[in-house]
Structures are given as structure tokens and as C-alpha cells.
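Residue numbers (the numbering used here): 157 to 593.
Set out below in C-alpha cells:
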């Protein structure tokens with residue numbers, strides 16, 4: 157039944173493809189360019205620029221080119237290595253994720269140069285998806301790239317949630333937290349955003365480069381203190397934040413900033429939409445289906461234990477499909493390889509083994525990122541079913557040992573439990589599927 161679980165996941169991913177979503181927001185008719193609720197006269201627009209960043213930005217740009225390509229002046233998007241798409245008018249750059257690299261810094265400089273050219277008679281179409289916090293990287297004065305990289309790495313390892321990580325990232329940047337919008341003023345800027353954060357808050361997604369930022373330098377430093385990172389981050393980063401707290405560096409622009417007068421932001425794709433498509437697919441396949449939550453969060457292991465409890469205590473009609481969506485975190489303690497989805501499934505297997513279920517009663521559980529990547533691996537996630545359970549027993553593998561080393565990838569590689577999809581060209585967090593028989 158693993159194939160049916162995979163089909164349910166694939167239906168979720170298909171529903172949030174840029175080619176499905178963007179045509180509802182962008183159109184060209186006669187002399188009118190429609191961007192969301194905004195109408196622009198093509199005869200009076202001087203330039204149309206297309207910029208973007210994130211794992212789905214290249215696919216989003218391809219759709220914009222298909223709809224409005226004849227009118228685009230220039231543009232550039234930055235995406236993760238392996239996620240590029242051939243484009244005609246918009247340059248496509250690749251950079252590192254989740255820790256930024258020199259390509260990301262160069263690309264960000266080039267993108268901001270495009271933004272700085274725009275004037276009041278121009279419009280900037282901005283395409284944002286998850287991953288942009290690392291891909292649209294910059295180094296504030298006095299902070300070398302290696303210090304930015306270490307700060308990102310420490311945030312990824314400490315167990316901070318995405319909102320906390322992005323609060324710090326916004327304040328170690330001169331692009332994030334609405335600062336791109338500040339640079340774009342007085343041009344019109346319309347952003348289309350795929351949400352990879354719980355709650356779909358535009359100021360958190362991709363560190364909100366085009367959105368007013370309610371957080372402050374003081375908030376960012378408090379997060380470092382919360383996780384004991386204030387003495388681990390490089391001195392240049394800590395000094396930058398302290399200077400911001402002291403008012404020596406302007407804070408990120410707030411909601412009343414005039415830079416946002418011509419800024420319009422649209423969240424066009426969410427995890428909730430993906431889950432609804434998954435539900436439709438499951439019901440079409442004959443499963444009684446329930447969506448447990450689209451706010452799955454916290455430590456992957458703890459979230460998995462809670463999810464398994466729902467699966468094992470389910471008392472409704474069969475066959476059943478339980479769905480969840482969101483994004484968990486992993487506090488790294490070992491030196492293995494994996495991602496939050498793989499760790500979630502491995503922890504789920506550990507919880508199921510404690511119940512001594514036979515293969516006949518074994519549910520199928522799949523957890524995967526809608527972007528097709530899970531941590532620094534080539535897998536989107538992992539799954540368990542009766543055949544995986546047989547392989548685990550034959551090889552005498554102990555899930556707990558691999559959990560202790562954060563090494564879910566090598567565990568599932570041995571038991572044929574990895575889900576490998578390649579880049580999906582979208583990104584709305586993770587989907588968890590359980591099939592019960």
C-alpha cells in the first residue's frame with residue numbers, strides 16, 4: 157500500500173505547483189496587467205522586472221514568463237542547486253541552502269542592483285518561496301560570509317523554530333525583514349508567496365524581504381540568549397546586533413514605513429491547500445480520511461510519538477487515512493545524516509515497535525517535504541510499512557541507535573524506506589500520511 161501513500165503525497169505536491177496557482181493571480185488582457193488585485197496599464201508602465209528567491213522561484217518565474225514574457229524588461233531569481241529551470245528573459249542563479257555561500261551573496265547583490273534601477277513608473281514582480289532566507293544572502297558591513305554561515309548553522313542545530321531563526325536572520329541582513337521593499341521604493345512591487353511556515357505569516361516566510369517587520373534587534377539577541385548562542389555566534393555578529401539595540405544601526409522597516417505604500421503581498425500556496433488535495437486523493441482511493449492538523453511542529457521525535465498515538469488508537473471506519481502537515485525541528489545531538497521527515501518516520505517506527513505490532517497490523521506512515529528535499533540529503537523523506545518492518549528485523553537494526561546519532565538516512569537506505577522524488581518546484585512544508593487497514 158506504500159504506492160497509495162506516495163500517490164496521496166504526490167497529489168498534495170501537484171496542487172501547490174506554481175503552474176496551478178499563479179494563473180489565478182497574473183493575467184494580461186489588452187492593455188492591462190493584472191497582478192492579484194492590482195491593475196496596471198501596460199502603455200504607461202516603463203519597465204516590468206521579475207525577481208525572486210527560493211526553491212520554487214525558478215518554476216514560478218517560468219509561469220510568469222509564459223503569461224507576461226513579452227512585456228518583461230529584465231529579472232533574476234535565485235534557487236537552490238539542482239532546482240534551476242530554463243528561462244528566457246529572467247536570469248536563473250543557483251546557490252546553497254540551508255547555509256548560504258558565495259554564489260548566494262553574489263546573486264543577492266545582482267538582484268538588489270535590478271531593484272535599485274526601478275522607479276515610480278515601474279513594477280517589480282517578486283516571487284518568494286521557502287529557502288530564500290539562505291539563497292538571498294548578504295553580509296552586513298563588517299561581517300564576513302563565514303560568520304553569517306556559522307550563525308545560520310548554529311540556528312539550524314539548536315532546535316529553534318523557523319520564526320525564531322528568521323528573526324535573527326532578518327537582523328543580520330540588509331535585504332530581509334522588509335529591507336528589499338525599502339530598496340525598491342518608489343517602484344510598485346507585487347509579491348507572490350508560497351508559504352513554508354506554520355500560520356502562513358508573510359513576515360516570517362523567507363524572512364519577509366517585502367513585508368513590514370514587527371521584530372527588533374533586541375528580539376533577535378534574546379533568541380540567541382534563549383538557546384545559549386549569544387556566546388557562540390561570531391563576535392562580529394553579536395556586535396552588529398548590540399549596535400542595533402543601541403540604535404547605531406537602523407532597525408528593519410515597520411508597518412508605518414512609507415516604503416510599503418506601493419507594496420502588495422499575496423500568499424498563494426499553503427500547506428492547508430496541499431492537505432486538502434491529499435484528502436481528496438485519499439477519499440478517491442476509498443479511504444475514510446481525516447486531517448489531524450496543519451500545524452505539526454516541535455521536535456520531530458515528540459511529534460512522531462503523538463502522531464503514532466493517533467494512528468494506534470484510531471477507532472473509526474476502515475480503511476482509513478490520517479493526514480498532518482507542518483514542519484518539525486530537530487535538535488542535532490549526533491553526527492549522522494538525515495532530515496526532519498526521516499527522523500519523524502524513524503521515531504514513528506520506534507514507537508510502533510514498542511507495541512509489538514505484526515506485519516499484518518502494520519500501518520503505512522510516510523512523511524516528506526513538499527519541496528522534494530529533506531535536510532542535506534537526496535531524499536524527500538521516508539516511509540515505513542510491513543516490508544520495511546521485515547527488512548529491519550532481518551538486519552537486526554535498532555532504530556534508537558540511529559536516532560541517537562541523528563542518522564535516519566542511513567537507516568532507511570538499508571531497509572528501502574527512503575522516498576526520493578527530486579526537486580518538486582514547490583515548497584509548502586511537509587506532508588504526513590498514515591494508512592490504516
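For every residue, glycine included, the Cβ atom is placed at its ideal position computed from N, Cα and C.
Should residue i and residue j be called a contact, given that it needs their Cβ atoms to be closer than 9 angstroms?
i: residue 504; j: residue 464; result: yes
i: residue 361; j: residue 350; result: yes
i: residue 317; j: residue 453; result: yes
i: residue 167; j: residue 434; result: yes
i: residue 283; j: residue 213; result: yes
i: residue 419; j: residue 462; result: no
i: residue 236; j: residue 291; result: yes
i: residue 271; j: residue 205; result: yes
i: residue 539; j: residue 240; result: no
i: residue 181; j: residue 348; result: yes
i: residue 232; j: residue 331; result: no
i: residue 475; j: residue 528; result: no
i: residue 478; j: residue 441; result: no
i: residue 509; j: residue 171; result: no
i: residue 545; j: residue 570; result: no
i: residue 486; j: residue 531; result: yes
i: residue 431; j: residue 587; result: yes
i: residue 372; j: residue 401; result: yes
i: residue 395; j: residue 298; result: yes
Considering only residues of the same chain and omitting the five flanking positions on each side of residue i, which have a CB-CB separation below 6 angstroms?
i: residue 164; result: 434, 437, 438 and 589
i: residue 249; result: 234 and 263
i: residue 219; result: 174, 175 and 178
i: residue 157; result: 520 and 591
i: residue 598; result: Residue 598 is absent from the model: the chain starts at 157 and stops at 593.
i: residue 300; result: none
i: residue 215; result: 174, 241 and 581
i: residue 303; result: 390, 392 and 393
What is the rounded straight-line gap between the Cα of residue i and the Cα of residue j?
i: residue 188; j: residue 321; result: 40 angstroms
i: residue 343; j: residue 374; result: 31 angstroms
i: residue 522; j: residue 338; result: 42 angstroms
i: residue 467; j: residue 592; result: 7 angstroms
i: residue 378; j: residue 392; result: 17 angstroms
i: residue 555; j: residue 481; result: 24 angstroms
i: residue 600; j: residue 421; result: Residue 600 lies beyond the stretch modelled for the chain, which goes from 157 to 593, so this question has no answer here.
i: residue 294; j: residue 472; result: 52 angstroms
i: residue 327; j: residue 491; result: 29 angstroms
i: residue 581; j: residue 244; result: 18 angstroms
i: residue 193; j: residue 573; result: 45 angstroms
i: residue 470; j: residue 458; result: 19 angstroms
i: residue 408; j: residue 549; result: 54 angstroms
i: residue 553; j: residue 456; result: 20 angstroms
i: residue 380; j: residue 390; result: 12 angstroms
i: residue 368; j: residue 356; result: 15 angstroms
i: residue 489; j: residue 547; result: 26 angstroms
i: residue 305; j: residue 413; result: 30 angstroms
i: residue 222; j: residue 191; result: 14 angstroms
i: residue 575; j: residue 511; result: 25 angstroms
i: residue 224; j: residue 423; result: 20 angstroms
i: residue 159; j: residue 334; result: 43 angstroms
i: residue 354; j: residue 451; result: 6 angstroms
i: residue 169; j: residue 399; result: 43 angstroms
Which same chain residues end up closer than 7 angstroms to residue i when comparing Cβ atoms and leaving out the 5 residues on each side of it in sequence?
i: residue 651; result: It is not possible to answer for residue 651, since the shown part of the chain is limited to 157 through 593.
i: residue 385; result: 310 and 314
i: residue 287; result: 210, 211, 236, 253 and 583
i: residue 340; result: 271, 274 and 280
i: residue 519; result: 467, 590, 591 and 592
i: residue 312; result: 254
i: residue 229; result: 203, 204 and 205
i: residue 585; result: 352, 427, 481, 482, 483 and 526
i: residue 257; result: 251
By Cβ distance, which residues of its chain are closer than 8 angstroms to residue i, with the 5 residues on each side in sequence left out?
i: residue 128; result: It is not possible to answer for residue 128, since the shown part of the chain is limited to 157 through 593.
i: residue 501; result: 460, 521, 522, 523, 537, 538, 539, 540, 564, 568 and 573
i: residue 200; result: 277
i: residue 558; result: 492, 502, 564, 566 and 567
i: residue 444; result: 472, 473, 474, 475, 476 and 477
i: residue 560; result: 489 and 490
Under 8 angstroms by Cβ, that's how I've got residue i and residue j pegged, so tell me the actual separation to the nearest angstrom.
i: residue 184; j: residue 217; result: With 8 angstroms as the limit, residue 184 and residue 217 do not qualify as a contact, their Cβ atoms being about 16 angstroms apart.
i: residue 533; j: residue 495; result: 6 angstroms
i: residue 238; j: residue 251; result: Not confirmed; about 11 angstroms, so no contact.
i: residue 363; j: residue 289; result: 4 angstroms
i: residue 562; j: residue 499; result: 7 angstroms
Note to self: Please give me, in chain order, every unbroken run of the beta strand (DSSP E) with length at least 3 that falls completely inside the segment 198-255.
What the structure shows: 203-209, 230-236 and 247-251
Note to self: Quick check on the DSSP output: what are the complete alpha helix (DSSP H) runs of length 4 or more inside the segment 386-426, in order along the chain?
What the structure shows: 391-401
Notebook entry, point to check: Which whole runs of the beta strand (DSSP E) in the segment 527-573 are 3 residues long or more, in chain order?
Noted result: 537-540
Notebook entry, point to check: Could you give the uninterrupted runs of the beta strand (DSSP E) lying entirely in the segment 260-323, keeping only those of 3 residues or more?
Noted result: 278-284
Next item on the list: Output the residue ranges of the alpha helix (DSSP H) runs that lie fully inside the segment 415-491 and measure 4 residues or longer, sorted by chain position.
Entry: 427-440 and 456-468
Next item on the list: At 4 residues or longer, and completely inside the segment 318-377: list those alpha helix (DSSP H) runs for me, N to C.
Entry: 318-326 and 335-340
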